[in-house]
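Below is one structure, written out as structure tokens; comments come after it.
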Amino acid sequence: MLRNLALAAVLAFAATPALAAEPAHDMKAMSHATVSGEGSGTVKSVDAAKRSVVIVHGPIASLQWPGMTMPFAVAPGVDLAPAKPGAKVAFTVEKQADGSFAIIRLAAQ
Ligand SMILES: [Cu+2]
Numbered sequence: 170m171l172r173n174l175a176l177a178a179v180l181a182f183a184a185t186p187a188l189a190a191e192p193a194h195d196m197k198a199m200s201h202a203t204v205s206g207e208g209s210g211t212v213k214s215v216d217a218a219k220r221s222v223v224i225v226h227g228p229i230a231s232l233q234w235p236g237m238t239m240p241f242a243v244a245p246g247v248d249l250a251p252a253k254p255g256a257k258v259a260f261t262v263e264k265q266a267d268g269s270f271a272i273i274r275l276a277a278q
């Protein structure tokens with residue numbers, strides 16, 4: 170049953186040449202896609218007034234990021250309480266219109 174569904178999906182895709190012919194890097198189409206990733210790491214410093222946090226984070230596979238230390242803007246509405254220097258946190262980052270990544274979820278780990 171699952172195999173038949175997969176096959177049907179492949180056939181449906183193959184039968185749509187217009188879709189397959191789309192340029193691989195259609196920026197107009199890409200701008201509507203949400204780019205995000207799940208990370209975890211240790212808070213290095215926090216600037217509550219600027220809602221900015223520096224995190225020593227591990228690799229984020231979905232973004233093809235290696236582990237690194239970097240600053241993130243924290244989106245409005247996200248509670249900064251878990252962001253204490255030295256605290257281990259789990260977070261979700263989402264690409265913004267300007268190309269930077271902002272934290273849209275932050276939790277103590
Ligand atoms: Cu990074």
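Note that the working numbering has the sequence shown beginning at 170, numbered continuously upward.
Just so it is clear, CB atoms sit at the ideal spot from N, CA and C, and this is done for glycine as well.
Note that the coordinates shown come from a computational prediction; the quantities given were computed from them, not determined experimentally.
query	result
Buried versus exposed, by CB contacts within 10 Å (16 or more), Val-212	buried
Where Val-247 falls, given that 16 or more other Cβ within 10 Å makes a residue buried	buried
Own chain partners of Pro-240 with C-beta closer than 6 Å, once the 5 adjacent residues on each side are dropped	Ser-221, Val-223
Cβ-based burial, Val-225 [other Cβ within 10 Å; buried from 16]	exposed
Gly-210 burial status per 10 Å Cβ neighbour count (16 or more: buried)	buried
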